[in-house]
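Peer 1:
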Amino acid sequence: MSGALGGAASVAARTGGGVVRRVRSVVSPSSDRPAGGSPASGWLAVTLFRPVTDVDPTLLPAPLAAFDDRIEVRVRPAAGGKGTELAVRLRERPPAGSLPQRLSGRDPQADLRSALRRAKQLIEVGEVLAVDPAPHGERTPTPGGVLLEKWTEAAPRAGVR
Amino acid sequence: MKAVTWRGVNEVGVEDVPEPTILNDHDVILEVGLSVTCGSDLHLLGGYVPAMRAGDVLGHEFMGTVVEVGRGVTKHHVGDRVVVVSFIACGQCWYCRQGLWSLCDNANPNPGITEALWGQSIGGCFGYSHALGGWAGSHARYVRVPYADQGAFTIPDGVSDERALFASDAAPTGWTGAHQAGVQPGDVVAVWGAGGVGQMAARAAALMGAERVVVIDRFDNRLEQVRTHVGAETLDYTDTDVPAELREMTGGRGPDVCIEAVGMEAHRPGPQHLYDQVKQQLRLQSDRPTAVREAIYACRKGGTVFTLGVFAGLVDKFPLGAVMNKALTLTGAQQHGHRYVPEILDRMSRDEVRTEHLATHVMSLDDGPKGYRMFKDKEDGCVRAVFRPGA
Numbered sequence: 003m004s005g006a007l008g009g010a011a012s013v014a015a016r017t018g019g020g021v022v023r024r025v026r027s028v029v030s031p032s033s034d035r036p037a038g039g040s041p042a043s044g045w046l047a048v049t050l051f052r053p054v055t056d057v058d059p060t061l062l063p064a065p066l067a068a069f070d071d072r073i074e075v076r077v078r079p080a081a082g083g084k085g086t087e088l089a090v091r092l093r094e095r096p097p098a099g100s101l102p103q104r105l106s107g108r109d110p111q112a113d114l115r116s117a118l119r120r121a122k123q124l125i126e127v128g129e130v131l132a133v134d135p136a137p138h139g140e141r142t143p144t145p146g147g148v149l150l151e152k153w154t155e156a157a158p159r160a161g162v163r
Numbered sequence: 179m180k181a182v183t184w185r186g187v188n189e190v191g192v193e194d195v196p197e198p199t200i201l202n203d204h205d206v207i208l209e210v211g212l213s214v215t216c217g218s219d220l221h222l223l224g225g226y227v228p229a230m231r232a233g234d235v236l237g238h239e240f241m242g243t244v245v246e247v248g249r250g251v252t253k254h255h256v257g258d259r260v261v262v263v264s265f266i267a268c269g270q271c272w273y274c275r276q277g278l279w280s281l282c283d284n285a286n287p288n289p290g291i292t293e294a295l296w297g298q299s300i301g302g303c304f305g306y307s308h309a310l311g312g313w314a315g316s317h318a319r320y321v322r323v324p325y326a327d328q329g330a331f332t333i334p335d336g337v338s339d340e341r342a343l344f345a346s347d348a349a350p351t352g353w354t355g356a357h358q359a360g361v362q363p364g365d366v367v368a369v370w371g372a373g374g375v376g377q378m379a380a381r382a383a384a385l386m387g388a389e390r391v392v393v394i395d396r397f398d399n400r401l402e403q404v405r406t407h408v409g410a411e412t413l414d415y416t417d418t419d420v421p422a423e424l425r426e427m428t429g430g431r432g433p434d435v436c437i438e439a440v441g442m443e444a445h446r447p448g449p450q451h452l453y454d455q456v457k458q459q460l461r462l463q464s465d466r467p468t469a470v471r472e473a474i475y476a477c478r479k480g481g482t483v484f485t486l487g488v489f490a491g492l493v494d495k496f497p498l499g500a501v502m503n504k505a506l507t508l509t510g511a512q513q514h515g516h517r518y519v520p521e522i523l524d525r526m527s528r529d530e531v532r533t534e535h536l537a538t539h540v541m542s543l544d545d546g547p548k549g550y551r552m553f554k555d556k557e558d559g560c561v562r563a564v565f566r567p568g569a
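Order-wise, the sequence lines are chains A and B. Under this note's numbering, the first sequence is numbered contiguously, ending at residue 163. Under this note's numbering, the second sequence is numbered contiguously, ending at residue 569.
#1: Strictly below 7 Å CB to CB, what residues from chain B border A:TRP153?
#2: Tell me which residues of the region 101 to 112 of chain A have at least one Cβ-Cβ distance to chain B shorter than 7 Å, keeping chain order.
#3: Contact defined as beta carbons within less than 8 Å: I believe A:GLU140 pairs with B:ALA232. What is the distance between those atoms, to the nearest angstrom?
#4: With DSSP as the reference, label B:ARG259 as helix, strand or coil.
#5: Can you list the beta strand (DSSP E) stretches of 3 or more residues lying completely in the region 428 to 477 of chain B, in chain order?
#6: Counting only beta-carbon separations shorter than 7 Å, does A:VAL162 have a partner in chain B?
#7: Can you grab the Cα-Cα spacing for the pair A:SER33 / B:TYR226, in whole Å?
#8: Return no unless some Cβ of chain B is closer than 7 Å to the Cβ of A:PRO31.
#9: Are there three or more Cβ pairs, one per stretch, closer than 8 Å when the region 327 to 347 of chain B is compared with the region 516 to 524 of chain B?
#10: Mapping DSSP to helix, strand and coil, what is A:ASP109?
#11: Checking 7 Å against the spacing of the C-beta atoms, do B:LEU486 and B:ILE437 come in under that value?
#12: Determine whether the beta carbon atoms of B:SER218 and B:PHE565 lie at a separation below 7 Å.
#13: Does the beta carbon of B:HIS445 sit closer than 7 Å to a beta carbon anywhere in chain A?
#14: Have a look at B:LEU498 and B:VAL456 and give me their C-alpha separation to the nearest angstrom.
#15: Report the residue from B:THR482, B:GLY491, B:THR243 whose alpha carbon sits nearest the alpha carbon of B:ARG461.
#16: Could you give the DSSP three-state label for A:ARG95: helix, strand or coil?
#17: List the residues that DSSP assigns as beta-bridge partners of B:THR485.
#18: List the DSSP bridge partners of B:ARG322.
#19: Between the Cα of B:THR507 and those of B:PHE484, B:GLN513, B:VAL493, B:ASP529, spot the shortest distance and give me the residue it belongs to.
#20: Contact check, B:GLY315 vs B:GLY237 under 8 Å by CB: the rounded distance?
#21: Which residue marks the beginning of the alpha helix (DSSP H) containing B:ALA382, and which one marks its end?
#22: Where do the N-terminal and C-terminal ends of the alpha helix (DSSP H) with B:LYS180 fall, by residue?
#23: Counting only beta-carbon atoms, is A:LEU131 nearer than 7 Å to chain C?
#24: Taking 7 Å as the CB-CB cut-off, is B:HIS451 touching chain A?
Listed below in structure tokens is the structure:
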């Protein structure tokens, strides 16, 4: 795998992420279930194009570290050399929320979904991409424009799962 | 600064907007030299991609000069003359490393919108709606270029601005179609659409060794450009039965590769077009797949159909039976230009790819509304309206 980071410590140094001392982690290439055998539901996952040895679940980037012991973390190699799967879920395991809630970023895991995406960017690229403030002209208020504005605001937290 | 903006459905404006600033370490700020209209912009103007807000800056195909550099940029310096790929990609995720740049995981700050539409989010694109990131477009004096080490390419000294401009989108999109469709030496390739992208797909197919390349359109001036500048054969679909003609040209087989470079507002004579128009206007389908249907019917058994024109959502009366029973490969993509631009610029410098003829009308940003009107209505033989912000 080309372009891998030198190690997890360098990830934390570059991203400003703190040590998550009480995060539980499971590294299991053969199972999609966390320790204890409970159902796997509730995991939000991204695949990082980094070797599994470079992703230390106790040393996560700041957006995930901020959740401290409120989240569980799972790290395992991705199939076919695609990197490392990083999965997180809230320890309290609230209901997943309906599809409309998830698509509008109003489900219980919306903030965690956003944090996971930002963590992926920090690990792979080293920074979180910002789009605003983007130059634009007059925002004439229209019903469609208001709806799109709301959806755009929610889009970083929204997702199908 | 002055910019051409989307004001509403079929309404283009010219406004003063704030200048962009460096927001990320990998950004550069570009002083835009040339920025061109694209057929896919018409889908935004027509309201077929309903994710534009009044005031959004249009434009995604452009070149210019670097005037400011983020501290993480290593390839570019102030003063560099560059062309920028219309799609934004990080260069670090698995998709980018596979050469599938438009599928980048990290370049769309609004992933929830396209996840809802398509199940997965793709990369970002300049000036192409909030669904693809809400990035400001290039029809302006300045534009911010994220991930500039990945998407900006220095233009060789011997290549003019007018030629390099089309290495931003039309040419790499054409290359994406021909290469990803797997064009092989000896193939017969048919391309639907003789706009900039269709012409470049035809040129790419020829350079990849296709034995015969045929481009299908209805506008005489565009077909003439194909014969003169691209070196391909042409068919006018208003006066010929295209599938029958293609069968005759290929000994009854049909083309090995069919590239559809038309998109969601396809046109054709007859009741099928009326049917698609009505369904689209009633929002019973978002896209008109007329040319895709024809490509599927025309393609040889076991051949490949590539959807290179832009589609957004759902279509009706899709000939899935033909796809299955003829064992077709049906594929598509936005452009993975980052992998093709170096080759394209090299071929431009050797005169193997010529694009100046596409820029039929060059004007200032003040003429933005006029330029889009001429482009949409094909006034005065307009193939592409190009804006020169410094004019």
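Positions of the beta carbon are idealized from the N, C-alpha and C atoms, including for glycine. Note that the structure is predicted; figures quoted are calculated from it, not measured.
Peer 2: Looking at the atomic coordinates:
#1: Mapped onto the first sequence, residue 153 of chain A falls at position 151. The answer, in chain order, is ILE291.
#2: Within the region 101 to 112 of chain A, the qualifying residues are LEU105, GLY107.
#3: Taking the first sequence and counting its residues from 1, one reaches residue 140 of chain A at position 138. Taking the second sequence and counting its residues from 1, one reaches residue 232 of chain B at position 54. Between A:GLU140 and B:ALA232 the beta-carbon gap is near 7 Å, inside 8 Å, which marks them as a contact.
#4: In the second sequence, the residue the question calls residue 259 of chain B occupies position 81. In this structure, B:ARG259 counts as strand in the three-state DSSP scheme.
#5: Under the rule that a run must span 3 or more residues, the beta strand (DSSP E) segments found entirely inside the region 428 to 477 of chain B read 435 to 438.
#6: What you label residue 162 of chain A is simply residue 160 of the first sequence in a count that begins at 1. Chain B contact via Cβ: present.
#7: For the purposes of this step, residue 33 of chain A is taken as the residue at position 31 of the first sequence. For the purposes of this step, residue 226 of chain B is taken as the residue at position 48 of the second sequence. Residue placement at A:SER33 cannot be trusted, given a pLDDT of 44 that sits under 50; what the coordinates show is reported in the next sentence. One C-alpha to the other measures close to 44 Å.
#8: On the first sequence, residue 31 of chain A is found 29 positions in, with the first residue counted as 1. Residue confidence for A:PRO31 is low, a pLDDT of 41 falling below 50, so the modelled location carries little weight and cannot support an answer.
#9: As far as the Cβ criterion goes, the region 327 to 347 of chain B touches the region 516 to 524 of chain B, which means the pair count is three or higher.
#10: Working through the first sequence from its first residue, we reach residue 109 of chain A at position 107. It is coil, neither helix nor strand.
#11: As a first step, residue 486 of chain B must be located in the second sequence, where it is residue number 308. As a first step, residue 437 of chain B must be located in the second sequence, where it is residue number 259. In this structure, B:ILE437 lies closer than 7 Å to B:LEU486 by Cβ.
#12: By one-based count along the second sequence, residue 218 of chain B stands at place 40. By one-based count along the second sequence, residue 565 of chain B stands at place 387. Contact flag unset, no.
#13: As a working mapping, residue 445 of chain B is identified with position 267 in the second sequence. Chain A contact via Cβ: absent.
#14: The residue given as residue 498 of chain B occupies position 320 in the second sequence. The residue given as residue 456 of chain B occupies position 278 in the second sequence. Put simply, the backbone Cα of B:LEU498 is about 22 Å away from that of B:VAL456.
#15: Against the second sequence, residue 461 of chain B aligns to sequence position 283. The candidate whose alpha carbon is nearest that of B:ARG461 is B:GLY491.
#16: As a first step, residue 95 of chain A must be located in the first sequence, where it is residue number 93. Here DSSP, grouped into helix, strand and coil, assigns A:ARG95 to coil.
#17: Counting from one through the second sequence, the residue named residue 485 of chain B turns up at place 307. B:THR485 has B:GLU438, B:GLY510 as its beta-bridge partners, per DSSP.
#18: Along the second sequence, read from residue 1 onward, the residue named residue 322 of chain B stands at position 144. In the DSSP assignment, the residues bridged to B:ARG322 are B:ILE207.
#19: Position 329 of the second sequence, counted from the first residue, corresponds to residue 507 of chain B. Nearest of B:PHE484, B:GLN513, B:VAL493, B:ASP529 to B:THR507, Cα basis: B:PHE484.
#20: Within the second sequence, the letter at position 137 stands for residue 315 of chain B. Within the second sequence, the letter at position 59 stands for residue 237 of chain B. B:GLY315 to B:GLY237, Cβ: 4 Å. Contact.
#21: Here the question's residue 382 of chain B lines up with position 204 in the second sequence. Its alpha helix (DSSP H) spans residues 374 to 385.
#22: Position 2 of the second sequence holds residue 180 of chain B. In the DSSP assignment, B:LYS180 falls outside any alpha helix (DSSP H) and within the unbroken beta strand (DSSP E) covering 180 to 186.
#23: Chain labels in this structure do not include chain C; the protein chains are A and B.
#24: Along the second sequence, read from residue 1 onward, the residue named residue 451 of chain B stands at position 273. B:HIS451 is outside the set of residues whose beta carbon lies under 7 Å from a beta carbon in chain A.
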